[in-house]
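Only one structure is covered here, and it is reproduced in the block below.
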Amino acid sequence: MSRKTGRQFFSNPGPTNIPDSVLRAMDRPTIDFMDPEFVDVFQAGVAGLQRVLRTRGDVFLYTASGHGAWEATLLNLLSPGDGVLVLESGWFSEGWSEMAVKLGLKPTLVSADWRRGIDPAAVEAALRADAGHTIKAVLAVHNETSTGMVMHLPQIRAAMDAAAHPALLLVDTISSLGSLEFGMDEWGIDAVVGGSQKGLMLPTGFSFTAVSAKGLEAHATARLPRHYFDWSEMVKRGFRSFVGTVPVSLFYGLRESLRLIELEGLEQVVARHRRLAEAARRAVRTWSGNNGPQLYCLDPARYSDSVTAVLMPEGHNAERVRKTALDRFNVSMGGGLGQLGGKVFRIGHMGDLNEPMILGTLAAVEMSLRLTGVPHGKGGVEAAMDWLAAA
Ligand SMILES: *Cc1c(COP(=O)(O)O)cnc(C)c1O
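The opening residue of the sequence shown carries number 54 in this note's numbering; numbering runs sequentially from there.
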């Protein structure tokens with residue numbers, strides 16, 4: 054095997070690039086997680102997460118990836134046979150729904166075109182139709198990582214309020230937190246699911262749920278069986294989280310990643326993601342000429358600023374482009390998930406990223422389109438440079 058030179062351009066939509074200073078911050082000997090030195094680091098980490106989430110709610114953490122936090126959230130808030138309203142967005146909403154079925158919940162789907170996103174009026178109609186309030190929770194994915202589309206949560210909250218429905222609003226922010234604008238309390242969200250390895254720029258290893266006062270009330274009567282994930286067990290512990298060992302090193306990393314986010318400023322972080330995402334979109338729009346690949350998302354108001362899904366022209370396989378970029382240019386991107394397998398590839402642009410990094414990735418994609426004989430308009434990277442230089 055030949056040596057791959059230089060740094061791999063890691064453009065996956067999670068996990069993401071880990072800043073060097075975060076890597077350094079975690080490079081330290083293990084200490085007891087009961088050590089007062091660590092307790093301070095832990096508590097500062099939780100307070101920082103609350104600032105990024107913009108919430109005063111409680112945060113419960115697990116040594117698990119995002120899927121664990123999905124499961125924990127359903128287990129702690131719901132009872133066997135409860136109805137949940139799943140807002141279709143793509144592969145991740147399907148996954149959450151499937152989990153709900155296996156846990157003994159009864160999902161109803163508000164279906165949506167994956168390229169256009171959900172209609173809030175359909176959410177309102179579904180809730181109005183549930184006069185008996187059998188639906189206990191609405192499950193929404195803020196940023197659908199499989200399609201590159203954002204859901205405007207204030208519109209969902211407004212639809213729930215218009216229907217005067219008391220269901221909890223549960224939101225997956227795994228690929229939006231620390232990248233896109235988010236306000237848990239302001240937007241009236243009852244539970245937020247997040248993970249370490251995307252916008253927070255950390256290794257995979259912890260995930261969490263932030264929960265509103267209304268969510269905590271629901272927890273008091275929720276009867277799904279749970280143990281490791283049980284918030285009631287957690288509050289008995291000093292950490293009010295983690296039934297089991299606390300992933301200490303990750304919290305030293307979190308302290309540094311929060312420092313970086315707050316040094317840049319949350320608003321600037323969001324603006325940077327918007328700027329770099331727009332560069333990717335301008336490149337794709339240029340490639341779409343000559344019957345080339347195009348943006349999967351068809352609604353400009355719903356473009357994701359943390360991931361762009363690119364739809365291949367008929368008869369061309371996205372995996373060939375993705376593999377060419379990886380094998381020839383050492384650029385790693387995401388493939389199509391579920392029904393989008395082979396149809397799309399995904400350019401991740403979340404986390405620790407700057408202009409030359411996105412331009413390098415876009416250049417590798419443009420060369421890969423050429424090498425795989427995919428028709429496309431030339432000059433995508435040029436269009437991205439024009440935008441970035443002027444932005
Ligand atoms: C990455 C992701 C998940 C899954 O998280 P894991 O940490 O891989 O378990 C869930 N939802 C969304 C929207 C994601 O992007």
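C-beta: ideal position from N, C-alpha, C; glycine also.
| Item | Value |
| --- | --- |
| Val360 vs His402 beta-carbon contact at 8 angstroms | yes |
| Opening and closing residue of the beta strand (DSSP E) in which Arg399 lies | Val397 to Gly401 |
| Whole-angstrom distance between Gly148 and Lys155, CA atom to CA atom | 11 angstroms |
| Cα-Cα separation between Ala416 and Ala125, rounded to whole angstroms | 41 angstroms |
| Endpoints, alpha helix (DSSP H) assigned at Ser74 | Asp73 to Met79 |
| Cβ-heavy atom distance, Phe91 to ligand 1, below 7 angstroms | no |
| Pair within 8 angstroms by beta-carbon distance, Val105 and Leu230 | yes |
| beta-carbon Phe235 near ligand 1 non-hydrogen atom, thresh 7 angstroms | no |
| 4-residue-minimum alpha helix (DSSP H) runs that sit fully inside the stretch 270–340, ordered along the chain | 284–288, 301–317 and 319–340 |
| According to DSSP, residues forming a beta bridge with Asp225 | Val194 and Val246 |
| Which listed residue (Leu253, Ala193 and Ala354) has its alpha carbon closest to that of Ala244 | Ala193 |
| Alpha-carbon spacing of Thr116 relative to Leu102, whole angstroms | 16 angstroms |
| Cutoff 6 angstroms; reference Gly236; Cβ partners in own chain excluding five residues on either side | Arg107 |
| Cβ-based burial, Gly67 [other Cβ within 10 Å; buried from 16] | buried |
| Whole runs of the alpha helix (DSSP H) within the stretch 95–168, excluding any shorter than 4 residues | 119–130 and 144–155 |
| Contacting residues, own chain, Cβ-Cβ under 8 angstroms from Gly413 (five flanking each side not counted) | Phe62 and Val384 |
| Beta-carbon separation (whole angstroms), Met36 vs Arg327, contact threshold 8 angstroms | The structure shown has nothing for residue 36, since the chain only spans 54 to 444. |
| Short Cβ contact (8 angstroms threshold) for Asp405 with Thr69 | yes |
| Same chain, Cβ closer than 6 angstroms to Cys350, five either side skipped, listed in chain order | Gly201, Met202 and Tyr356 |
| beta-carbon Lys155 near ligand 1 non-hydrogen atom, thresh 7 angstroms | no |
| Beta-bridge pairing of Leu230 - partner residues as DSSP gives them | None, per the DSSP bridge assignment. |
| Terminal residues of the beta strand (DSSP E) in which Ser421 lies | Element bounds for Ser421: not the beta strand (DSSP E) but the alpha helix (DSSP H), Glu408 to Leu424. |
| Helix, strand or coil at Phe86 according to DSSP, with G and I counted as helix | coil |
| Same chain only: Cβ atoms within 8 angstroms of Ala212, ignoring 5 sequence neighbours per side | Pro173, Ala174, Val176, Glu177 and Leu180 |
| According to DSSP, residues forming a beta bridge with Ile188 | Gly136 |
| Own chain partners of Ser265 with C-beta closer than 6 angstroms, once the 5 adjacent residues on each side are dropped | Gly110 and Asp243 |
| Val239 versus Thr377: straight-line alpha-carbon distance, rounded | Looking at the sequence itself, residue 239 is Glu, so the reference to Val does not match. So the two alpha carbons sit approximately 44 angstroms from each other. |
| Simplified DSSP assignment, three categories, for Gln61 | coil |
| Proximity to Met204 [Cα-Cα], best of Ile188, Thr187, Ser228 and Ala215 | Ser228 |
| Bridge-paired residues (DSSP) for Ala362 | Arg399 |
| Any non-hydrogen atom of ligand 1 within 7 angstroms of Val194 CB | yes |
| Pro428 vs Pro366 beta-carbon contact at 8 angstroms | yes |
| Where Ala182 falls: helix, strand or coil (DSSP) | coil |
| Cross-strand partners of Gly170 (DSSP beta bridge) | Asp166 |
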